[in-house]
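Residue numbers (the numbering used here), protein chains in the order written: chain A, 190 to 547; chain B, 190 to 547.
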């Protein structure tokens, strides 16, 4: 006896329906993100995490907070090819959006952090990002800001030493787990509101599926299947090397996960990124060299599926991807606790280049 | 017949009360700031102004908003000696707080702008601040962000061309007029709550008056008398040159208002700054070279009043100044309107210094 799936497959083939459209499992975004057993999301933790996330004093010169490159007032990134860190330094990769990052099973473009907690510690001490000498230096500044003590105590009640790098990272991760954008037109459509998408967006959705985009960009977050935390969903990029795009956008200059692991099997592997709110996060691709979403869908179709899009296909896909822009929660600004009568930012700056009339 | 004032003066002298304490006119901060006839504060204007204030896309590299150096989540400045602009540039002056700036009759340290509206345009095109080539370039970016159009239309209803540099400046000024911090312990004290200040703070308040600090730092904003808009309240700094502080903190390197006017009479003249929330805005003095509030009161007493403070006097003054920290209104974060599918920040960057592993 044939299984139901085989029967369906048979019907699909009979009806001339392309296989991938059957395979697609369209999922709406959950309203809440899961939290790990050792870091349940609490209101006090979110409040502390939000405060830390917006506090620029944990960068060498006191000028960059997490939000500087992951701007939650916008698409959760900085709309730049790469971010600008201390001393005007630039990285080779584009800041990924922090919105819905809670749904990834690994963090960073190369998956080198398993959790949001691990990720949160990285940029603080990266010399081309926030540039702090060490996490101990960060804690030294927190210690000089009396108002942080009650926030840490409320977030981690009963702990003998609530102020620690691990707890700061837990709080930032807890805040990030609240950064969810449900109820996009796409979500409302798959929940049953057939008027939520325009005709062009529905066409784009079918094209997205039939071309094979869903083979990587699947699941509620369009970043692949749900895997255990620490297990990344990686793809080779470009899967079809040799197109003109390789040189035009330097697609192979950065070896992706290989740069982190030095394992040959990881060469040119990248975590499959979410497509949620993708319309807001130009420029595109891990190096931020592709300026528009129209160009990005063409680059991806060619490099990953070996397909040349027609103008109509590209336009439909872009229309569909615009339907992935969700609802952003209202966030109140945190009050950054004071270090009364002094600044925690070191006054001596060897890079001082003073000019008059500031 | 002697006037009531003279009678009171006589009584004061009889009682041995120092003259300045009688002269002091302690005023609470108003809950609202006045708005000019040609720019009445409206909800729609404040909303637009807040959005512009937090939008980093109106800086050359898309990295700095007004809030970067005038952080309203903190004391309205950046707790740095000077701010860091495009290309890692530094100015010679410390960012003044935006909180209660609405109560000044002139803007900038040297009063070179009459109004908040005029001031708002300056940093955008200052090459060592936000570094935009021109206000026209700013408008060019606004035009590429469709979501700004309805915000401008709502803020300036009925206008044929609502999007303009003047209107953007008006909106930012309208938002800034909401940045008021009433109900500090000092305010509650002068309104009649005698328990609002500690004993030390009351001592500091009397010292502040008897030493003569009130001769400059008077009025509700502690920045001098209320003068017509465009008429600044300036003082010479140092009034008593020659102390060791001159060299230690380079007090005469910047000639103040003279740098703007080139008038000899303006040499070393500075707008008298507010002392509200001064505990939050270290480091101090126009060049940000004085690290602590304790040191700042000593510097000011010596350079402006030719007095050497005792440790007790300095501590009392610092305690009093801490009573000028007010209540900060809750502000919700604006959603920055999107430029879907592209970035308005130019992708070509002649200063690109790429490094791997961003």
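Every residue gets a Cβ at the ideal spot worked out from N, C-alpha and C, and that includes glycine.
On a predicted model such as this, the values are computed, not experimentally measured, just so you know.
Query raised in the report: From this set, B:237, B:216, B:431, which residue's C-alpha is nearest residue 331 of chain B's C-alpha?
Result: Cα-wise, what sits closest to residue 331 of chain B is B:237.
Query raised in the report: Could one say the Cβ of residue 251 of chain B lies closer than 7 Å to chain A's Cβ atoms, at least one of them?
Result: Under the Cβ distance rule, residue 251 of chain B counts among the residues neighbouring chain A, one pair being separated by less than 7 Å.
Report task. Output the distance between the C-alpha atoms of residue 287 of chain B and residue 304 of chain B, rounded to the nearest integer angstrom. Result -> Roughly 13 Å between the two C-alpha positions.
Query raised in the report: Relative to the C-alpha of residue 312 of chain A, which residue among A:514, A:480, A:277, A:255 is closest?
Result: Of A:514, A:480, A:277, A:255, the residue nearest in Cα terms is A:255.
**Report entry** Run of the alpha helix (DSSP H) containing residue 438 of chain A, from where it starts to where it stops
**Finding:** Segment: none, residue 438 of chain A is in no alpha helix (DSSP H) and carries neither H nor E.
Requested in this report: Taking only beta-carbon positions, decide if residue 532 of chain B is within less than 7 Å of chain A.
Outcome: The beta-carbon of residue 532 of chain B is placed less than 7 Å from the nearest beta-carbon of chain A.
Query raised in the report: Can you list, in chain order, the stretches of the alpha helix (DSSP H) that have 4 or more residues and sit fully within the stretch 309–388 of chain B?
Result: If we require 4 residues or more, the alpha helix (DSSP H) runs fully inside the stretch 309–388 of chain B come out as 324–332, 337–344, 354–365, 374–379.
Query raised in the report: So, is the C-beta of residue 268 of chain A closer than 7 Å to a C-beta in chain B?
Result: Using a Cβ-Cβ cut-off of 7 Å, residue 268 of chain A counts as an interface residue toward chain B, since at least one Cβ of chain B sits closer than that to its own.
Query raised in the report: By the 10 Å Cβ neighbour count, where 16 or more other Cβ atoms means buried, how is residue 280 of chain A classified, buried or exposed?
Result: Answer is buried; the Cβ neighbour count reaches 16.
Requested in this report: Return the Cβ separation of residue 264 of chain A and residue 470 of chain A in integer angstroms, given the expectation that the two are a contact with Cβ distance under 8 Å.
Outcome: Rounded to the nearest angstrom, the Cβ distance from residue 264 of chain A to residue 470 of chain A is 4 Å, consistent with a contact under 8 Å.
Requested in this report: Please go through the same chain and pick out, in chain order, the residues whose beta-carbon is closer than 7 Å to the beta-carbon of residue 467 of chain A, but skip the five residues on each side of it.
Outcome: The beta carbon of residue 467 of chain A sits closer than 7 Å to the beta carbons of 482, 510, 513 from its chain, once the five residues preceding and following it are set aside; these are given in chain order.
Query raised in the report: Out of curiosity, what's the CA-to-CA distance linking residue 221 of chain B and residue 234 of chain B?
Result: CA-to-CA, the gap between residue 221 of chain B and residue 234 of chain B works out to about 16 Å.
Requested in this report: May I ask which residues mark the beginning and end of the beta strand (DSSP E) holding residue 506 of chain A?
Outcome: That residue, residue 506 of chain A, is in no beta strand (DSSP E); its alpha helix (DSSP H) goes 500–511.
Query raised in the report: Taking residue 325 of chain B as the reference, which of B:426, B:352, B:495, B:337 has the closest Cα?
Result: Checking every option, the nearest Cα to that of residue 325 of chain B belongs to B:352.
Requested in this report: Note the first and the last residue of the continuous beta strand (DSSP E) segment covering residue 458 of chain B.
Outcome: Here the beta strand (DSSP E) through residue 458 of chain B covers 458–460.
**Report entry** Nearest-angstrom Cα separation, counted from residue 376 of chain A out to residue 450 of chain A
**Finding:** The straight-line gap from Cα to Cα measures roughly 36 Å.
Query - Closest Cα partner of residue 492 of chain B within the set B:436, B:446, B:505, B:370 - result: Selected option, being the one with the closest Cα: B:436.
Query raised in the report: Excluding sequence positions up to five away, which residues of its chain have a Cβ less than 6 Å from the Cβ of residue 617 of chain A?
Result: Residue 617 of chain A lies beyond the residue range present for chain A, which begins at 190 and ends at 547; the question has no answer from this structure.
**Report entry** Outcome for residue 323 of chain A when other beta-carbon atoms lying within 10 angstroms are tallied against a minimum of 16
**Finding:** Looking at its Cβ environment, which holds fewer than 16 other Cβ atoms inside 10 Å, residue 323 of chain A is exposed.
Report task. Evaluate residue 382 of chain A with the Cβ neighbour count: other Cβ atoms within 10 Å of its Cβ, from every protein chain shown; 16 or more gives buried, anything less gives exposed. Result -> Per the 10 Å Cβ criterion, exposed.
Report task. Can you give me the Cβ contacts of residue 517 of chain A inside the same chain, cut-off strictly under 7 Å, excluding the 5 residues immediately before and after it? Result -> So the qualifying residues of the chain are 370.
**Report entry** Residues near residue 443 of chain B in its chain [Cβ-Cβ closer than 8 Å; skip 5 each side]
**Finding:** Closer than 8 Å at the Cβ level, and outside the excluded window around residue 443 of chain B, lie 281, 282, 475, 476.
Query raised in the report: Do three or more CB pairs link the stretch 293–301 of chain B to the stretch 416–426 of chain B at distances below 8 Å?
Result: Judged by Cβ distances under 8 Å, the stretch 293–301 of chain B makes contact with the stretch 416–426 of chain B, as three or more pairs qualify.
Query - Interface partners of residue 246 of chain A on chain B, CB under 8 Å - result: Chain-ordered, the chain B residues with CB closer than 8 Å to the CB of residue 246 of chain A read 268.
Query raised in the report: Hey, is residue 295 of chain A's beta-carbon within less than 7 Å of any beta-carbon in chain B?
Result: No, residue 295 of chain A lies away from the interface with chain B (no Cβ there is under 7 Å from its Cβ).
Query raised in the report: Nearest to residue 525 of chain B by alpha carbon, out of A:524, A:530, A:527, A:519?
Result: Nearest C-alpha to residue 525 of chain B: A:519.
Query - Delimiting residues of the alpha helix (DSSP H) encompassing residue 489 of chain A - result: In the DSSP annotation of this structure, the continuous segment of the alpha helix (DSSP H) that includes residue 489 of chain A starts and ends at 482–494.
Query raised in the report: What residues from chain B crowd round residue 262 of chain A, counting only those whose CB sits closer than 7 Å?
Result: The contacting residues are 243, 522, 523, 524, 525.
Query - CA-to-CA distance, residue 460 of chain A to residue 210 of chain A, given in whole angstroms - result: Because the pLDDT of residue 210 of chain A is 43, which lies under 50, any placement of that residue in the model is unreliable, and the number read from its coordinates should be weighed accordingly. The straight-line gap separating the alpha-carbon atoms of residue 210 of chain A and residue 460 of chain A is approximately 24 Å.
Query raised in the report: Roughly how many angstroms separate the alpha carbons of residue 457 of chain A and residue 299 of chain A, rounded to a whole number?
Result: Inter-residue distance for residue 457 of chain A and residue 299 of chain A is about 9 Å (C-alpha atoms, whole angstroms).
Query raised in the report: Candidates B:438, B:363, B:401: which alpha carbon is nearest residue 227 of chain B's?
Result: Taking the Cα of residue 227 of chain B as reference, the smallest distance to any Cα among B:438, B:363, B:401 is reached at B:363.
Report task. Report buried or exposed for residue 398 of chain B, applying the criterion of at least 16 other Cβ atoms within 10 angstroms of its Cβ. Result -> By the Cβ-count criterion, residue 398 of chain B is buried, with 16 or more other Cβ atoms from all chains shown falling within 10 Å of its own Cβ.
Query raised in the report: Cα separation between residue 490 of chain A and residue 271 of chain A?
Result: Distance between the alpha carbons of residue 490 of chain A and residue 271 of chain A: 23 Å.
Report task. At 8 Å on the CB atoms, spell out the chain B contacts of residue 273 of chain A, in chain order. Result -> Neighbours of residue 273 of chain A on chain B, chain order: 250, 252.
Report task. Would you mind stating whether residue 390 of chain B and residue 508 of chain B have Cβ atoms separated by less than 7 Å? Result -> The answer is yes: Cβ separation under 7 Å.
Query raised in the report: Rounded C-beta distance between residue 247 of chain B and residue 321 of chain B? I'm assuming under 8 Å.
Result: Yes, they are in contact, since the Cβ atoms of residue 247 of chain B and residue 321 of chain B sit about 6 Å apart, within 8 Å.
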